[in-house]
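Reminder that position 279 of the sequence shown reads as 279 in the UniProt record's numbering, one-by-one numbering, no gaps. Take a look at the structure set out below.
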Amino acid sequence: MKNLLVVSCVSDDVKAPLSMYILKNFTADVVAGVDKYSKEFDAETIYLLPEGEDVSGLNGEIVHTSQISPTLNNPYSVAQVLSGNLPRPMIQDDYVAVYDGKAVSVITPEAAYGMTKGFEEKFVAINKGENTEIKKVNVGQPVGEFAAVDGAKAVLFGGLKGKFVSGAEAAKLKIDETEKFSSITIYDESECMVDACVQLMNKAYEMSCGKCVLCREGTSQFKQIVTEMTTGKAKMSDLDLIKEVSELISIGAYCPFGQSMTKSLTSAMELFADEFEEHIKKKSCKCGKCYKQAELYYIDPDECIGCGECIDACPEDAIEGKDGFIHIIDQDLCEQCGKCVSACDEGCIKTATKLPKLPKKKTKCGKW
């Protein structure tokens with residue numbers, strides 16, 4: 001069987017846009033590395049580029065694709081895309097992916113560059129806010145020497161598959177050649193870490209190829225739960241649920257993306273436990289980024305007649321009260337499902353982003 005080498009430029013993490021940068025800025029070095037690899041394995045070469053991208057001086061066929069996926073460093077996933085299908089990985093160690101009668105191998109521009117220049121250097125994408133700067137640094141170099149991380153609130157290493165650490169810890173870490181150091185995302189004190197996890201989980205959900213149930217459903221659940229933390233619907237038990245499900249996904253997901261995409265959320269929960277608890281219990285965000293659109297349900301004490309209809313309708317037993325007394329919604333238990341609103345014929349259940357003054361003890365209707 002003939003061999004096919006695919007230079008994949010469409011498998012970058014969203015936090016580490018390295019492939020096209022390296023290919024465009026170090027074309028000769030990448031081509032030299034690809035030549036070396038293809039000669040060693042007697043392989044034909046295809047460059048898999050995003051649609052709309054063209055680079056001159058490449059030493060093989062160029063194929064464009066609209067598919068951008070972290071699975072596209074997997075030979076089977078690449079073979080599927082070349083065949084016009086969705087990118088879906090195969091994880092059997094001994095499985096040989098085949099396209100057009102050729103055994104497929106995959107290499108990235110960064111790896112090809114390293115085959116020419118050696119692996120003592122590393123390309124790193126440094127993200128802060130909306131800005132991304134790509135630097136070439138030395139393996140073994142402390143992060144604090146080239147990135148302003150020491151005073152950061154948190155630093156995410158490795159993007160969607162990465163882990164949060166404190167700024168002080170980040171400054172001491174030394175660069176190695178692994179994917180962990182392909183991206184460094186810096187968060188300052190103005191950043192809400194719960195909101196940061198919402199953005200990460202939304203992107204993880206978008207990037208999941210959907211092949212395995214654990215990753216497909218896990219990213220969907222995580223996206224929903226962390227969003228609910230910013231809208232007043234989450235419960236403290238959700239934190240334990242995330243931890244339990246994360247352990248299952250890390251063991252059972254098909255590919256490295258699925259196995260690792262839980263780490264950013266669980267590491268943030270560990271590092272900023274008080275911030276997550278504040279969002280869930282107090283329904284507040286000290287950074288002012290969440291709850292701007294959150295609607296909290298409350299019972300207007302001036303209008304409640306104490307009929308009990310809302311108590312019967314609440315599936316979470318979140319409403320306290322008895323006949324003739326003003327009913328009160330327990331905000332820690334309420335999930336904002338709205339069933340109490342439908343049940344109240346008096347129209348006294350209302351919503352607000354900030355709760356008005358309400359009774360804190362049993363009060364007879366009409367006595368407020």
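Glycine is no exception: its CB is placed at the ideal position from the N, C-alpha and C atoms.
Residue span of the alpha helix (DSSP H) that contains residue i, given as start and end
{"i": "residue 364", "result": "From DSSP, residue 364 is part of no alpha helix (DSSP H); its letter is neither H nor E."}
{"i": "residue 113", "result": "109 to 117"}
{"i": "residue 373", "result": "Nothing about residue 373 can be read from this structure; the chain reaches only from 1 to 368."}
{"i": "residue 325", "result": "Element bounds for residue 325: n/a, residue is neither H nor E."}
{"i": "residue 245", "result": "237 to 252"}
{"i": "residue 8", "result": "Where residue 8 is concerned, there is no enclosing alpha helix (DSSP H), although the beta strand (DSSP E) it sits in stretches over 2 to 8."}
{"i": "residue 75", "result": "75 to 82"}
{"i": "residue 227", "result": "213 to 229"}
Beta-carbon contacts of residue i that lie in its chain and below 8 Å, excluding the five residues immediately before and after
{"i": "residue 297", "result": "329, 334, 336, 338, 340, 341, 349, 350, 351"}
{"i": "residue 111", "result": "33"}
{"i": "residue 119", "result": "139, 177"}
Nearest-angstrom beta carbon gap, residue j and residue i [assumed within contact, 8 Å]
{"i": "residue 332", "j": "residue 309", "result": "Between residue 309 and residue 332 the Cβ distance is about 22 Å, and since that is not below 8 Å, they are no contact."}
{"i": "residue 182", "j": "residue 16", "result": "4 Å"}
{"i": "residue 10", "j": "residue 65", "result": "6 Å"}
{"i": "residue 175", "j": "residue 141", "result": "5 Å"}
{"i": "residue 8", "j": "residue 106", "result": "5 Å"}
{"i": "residue 160", "j": "residue 203", "result": "6 Å"}
{"i": "residue 197", "j": "residue 208", "result": "Not a contact, Cβ separation roughly 16 Å."}
{"i": "residue 188", "j": "residue 152", "result": "6 Å"}
Cβ neighbours of residue i in the same chain (closer than 7 Å, five flanking residues each side left out)
{"i": "residue 280", "result": "229, 234, 235, 236"}
{"i": "residue 195", "result": "230, 289, 290"}
{"i": "residue 12", "result": "18, 19"}
{"i": "residue 368", "result": "301, 302, 326, 359"}
{"i": "residue 42", "result": "3"}
{"i": "residue 168", "result": "150"}
{"i": "residue 76", "result": "89, 90, 95, 97"}
Continuous beta strand (DSSP E) stretch holding residue i: start and end
{"i": "residue 44", "result": "43 to 50"}
{"i": "residue 187", "result": "183 to 187"}
{"i": "residue 62", "result": "61 to 65"}
{"i": "residue 123", "result": "121 to 128"}
Beta-bridge pairing of residue i - partner residues as DSSP gives them
{"i": "residue 163", "result": "157"}
{"i": "residue 296", "result": "352"}
{"i": "residue 133", "result": "126"}
{"i": "residue 142", "result": "174"}
{"i": "residue 104", "result": "4"}
{"i": "residue 98", "result": "103"}
Residue closest to residue i, alpha-carbon to alpha-carbon, out of the options
{"i": "residue 116", "options": "202, 31, 62", "result": "31"}
{"i": "residue 361", "options": "295, 301, 307", "result": "301"}
{"i": "residue 365", "options": "267, 324, 356, 359", "result": "324"}
{"i": "residue 134", "options": "22, 278, 286, 264", "result": "22"}
{"i": "residue 363", "options": "322, 75, 269, 239", "result": "322"}
{"i": "residue 369", "options": "74, 54, 61, 87", "result": "Nothing can be reported for residue 369: it is not among the residues displayed for the chain, which extend from 1 to 368."}
{"i": "residue 51", "options": "57, 63, 44, 58", "result": "63"}
6 Å CB neighbourhood of residue i in its chain, flanking five on each side removed
{"i": "residue 36", "result": "115"}
{"i": "residue 170", "result": "143, 149, 155"}
{"i": "residue 249", "result": "214, 218, 262"}
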